[in-house]
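Residue numbers (UniProt numbering): 1 to 266.
Below: the structure, in structure tokens.
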């Protein structure tokens, strides 16, 4: 049997996209699943928005991963084993929320029996009609089901706040901005975003350590998205904000990596 670096348990959408991500990073994977055929739970019924973002980074979105970048870094000796420990911390709470919402709804829709039929045909339509009239309810349901409400603020990899953006948040999209701040996320790598002007020492530090620095001209769209002017946002390879530094200092980035045992080129 061929050697595998990682065993993935579960061949659902998450497991499969993780396998693709790891394979792209040069990690040998093996997938096992308890089911002999396709799953029927809600998570297997559609490709969610977050999965599409990962496919985009893999250059697969047109044709048709949190832990993905951590394992290659460990295998290559660029990060300690403790880096992978953050995966469960980051995903567990959100996984519970997702299962409780989507899978319970799916169970209700597919349940058999007279009472289930009564609830499905009489009660649910009335409740849904009233609730769906509220914009806040519509937005919440969309964000939970699409997985775009996910954040890692409680992760040991998350630090700082600049403007309205905290470490662990999804990178806000510049709606109506002159530039697409998501275009650079096609590269699966650590990178830094600055909205406004980057300090000279930050530019030099990024160049020295091989970390891409993307500077976006300050405009109203930046403020509306919640960015702090001239702040530095260190992005993880999975596109989430790792560090938000309102001062935009290179020394803050250095301390961030040193504290977590991540080795950078020099």
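In this text, a Cβ means the ideal position worked out from N, Cα and C, and glycines have one as well.
Only a predicted model underlies this, so the values are computations on that prediction, with no experimental measurement involved.
Please state the DSSP three-state secondary structure of residue 197.
DSSP places residue 197 in coil when its eight states are reduced to three.
Taking the alpha carbon of residue 178 as the reference point, which residue from 261, 161, 220 and 198 has its own alpha carbon closest?
Comparing Cα-Cα distances from residue 178 to each of 261, 161, 220 and 198, the minimum goes to 220.
According to the neighbour-count rule (16 or more other Cβ atoms, all chains shown, within 10 Å of its Cβ), is residue 251 buried or exposed?
So residue 251 counts as exposed.
Thinking residue 160 and residue 167 are a contact (beta carbons under 8 Å), I'd like their distance in whole angstroms, please.
At roughly 5 Å, the Cβ-Cβ gap stays under 8 Å, so residue 160 and residue 167 are in contact.
Report yes if the CB atom of residue 217 is closer than 8 Å to the CB atom of residue 248, and no otherwise.
Cβ atoms of residue 217 and residue 248: not closer than 8 Å.
If I'm right that residue 233 touches residue 152 with Cβ under 8 Å, what's the distance once you round it to whole angstroms?
Not a contact, Cβ separation roughly 14 Å.
Any idea what DSSP makes of residue 209, helix, strand or coil?
Here residue 209 sits in helix by DSSP.
Which residue's Cα is closest to the Cα of residue 259: 24, 244 and 156?
Out of 24, 244 and 156, 156 has the C-alpha closest to the C-alpha of residue 259.
Check residue 24 in the structure and name its three-state DSSP category.
Of the three classes helix, strand and coil, the one that applies to residue 24 here is helix, per DSSP.
Checking 8 Å against the spacing of the C-beta atoms, do residue 194 and residue 165 come in under that value?
Not a contact, by the Cβ cut-off of 8 Å.
Buried or exposed, going by whether 16 or more other CB atoms sit within 10 Å of the CB of residue 245?
With 16 or more other Cβ atoms within 10 Å, it is buried.
Let me know if residue 190 comes out buried or exposed under the rule of 16 or more other beta-carbons within 10 Å of its beta-carbon.
So residue 190 counts as buried.
Do you know offhand how far residue 51's Cα is from residue 25's?
Looking at the two C-alpha atoms, the distance is approximately 17 Å.
Please report the distance separating the alpha-carbon of residue 286 from that of residue 225.
Only positions 1 to 266 of the chain appear in this structure, which leaves residue 286 out of reach.
For residue 65, which of helix, strand or coil comes out of DSSP?
Since pLDDT at residue 65 reaches only 48, below the 50 mark, its modelled position is unreliable, and no value is offered.
So residue 235 and residue 171 are supposed to be a Cβ contact under 8 Å. How far apart are they, rounded?
Residue 235 to residue 171, Cβ: 6 Å. Contact.
Could you check which residue in 5, 34, 12 and 11 has the C-alpha nearest to that of residue 23?
Nearest of 5, 34, 12 and 11 to residue 23, Cα basis: 5.
Would you mind stating whether residue 253 and residue 205 have Cβ atoms separated by less than 8 Å?
For residue 253 and residue 205, yes; Cβs fall inside 8 Å.
Helix, strand or coil for residue 43, going by three-state DSSP, please let me know.
For residue 43, the predicted model reports a pLDDT of 48, less than 50, meaning its position is unreliable and no value from the coordinates is stated.
For residue 228, I'd like the list of residues in its chain whose CB is within less than 6 Å of its CB, leaving aside the five on either flank, ordered along the chain.
Answer for residue 228: 162, 163 and 246, listed in chain order.
List the DSSP bridge partners of residue 180.
Beta-bridge pairing links residue 180 to no other residue.
Use the C-beta contact count for residue 9: other C-beta atoms within 10 angstroms, 16 or more gives buried, fewer gives exposed.
Residue 9 comes out exposed.
Is residue 192 near residue 174, with beta carbons less than 8 Å apart?
Contact flag unset, no.
What's the call for residue 202, buried or exposed, on a 16-neighbour Cβ count within 10 Å?
The residue is buried, with at least 16 neighbouring Cβ atoms inside 10 Å.
Within 10 angstroms of the Cβ of residue 237, are there 16 or more other Cβ atoms? Answer buried if so, exposed if not.
Classification for residue 237: buried.
Bridge partners for residue 157 per DSSP, in chain order?
DSSP output for residue 157 lists no bridge partner at all.
For residue 33 versus residue 11, is the C-beta distance shorter than 8 Å?
Yes.
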